[in-house]
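Worksheet: the structure to be examined is printed underneath.
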Amino acid sequence: MTTSSTRRRPGTVAHAFADLMNDHDPDAVDGFIAADYINHNAFVEDGREANRAFWTQWFAAFPDTEVSLDDVLVDGDRVAGRFTYRATFQGPFMGLPPTGRPVVMHSIDIWRVVDGMAVEHWDQLDGQAFFAQLTGDADNQ
């Protein structure tokens, strides 16, 4: 039998993600991402280690990242979180040189949680608007 001390409530995954982002700690994935994590995201491959590698790259490019967790919804084994990200583009990212520009991004993330660990993830964000902010194209719209 699993005790409440070893089995977290599903909603804590959204809070753990916000903590990872605000603490700038890619190794925090060990606490809430399953090793065989399935990621339905064009930018991040499956698996905990791919997740760790992506956030390591992110924090090198956006070292002042601040994230707010705006909403959390839980339904059975699914957790949805709505997030706002604020950062400054200070290092290379996905082949783009840093511009020093501030960026704001919003996402809605859904995780499937088993025994307190995220095993599957979907997200929705406006990648085009995000990359336009990085390159300065947003200024011309």
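Take 1 as the starting number for the sequence shown in the UniProt record's numbering and just add one per residue.
Don't be surprised by glycine CBs; every beta carbon is placed ideally from N, CA and C.
Per the DSSP secondary-structure output, LEU125 pairs in a beta bridge with SER107. The C-beta distance from VAL103 to LEU69 rounds to 18 Å, too long to meet the 8 Å contact threshold. With the rule of 3 Cβ pairs closer than 8 Å, the segment 117–128 does not count as touching the segment 86–94. ASP71 and GLY81 have their C-alpha atoms roughly 6 Å apart.
Counting only runs of at least 4 residues, the segment 27–99 fully encloses the following alpha helix (DSSP H) elements, listed from N- to C-terminal order: 48–61.
Nearest Cα to PHE17 within the set VAL67, HIS40, THR99, TYR37: VAL67.
Nearest to TYR85 by alpha-carbon distance, out of MET21, ALA14, GLY11, VAL13, is MET21. A direct Cα-to-Cα measurement between ALA42 and PHE54 gives close to 12 Å.
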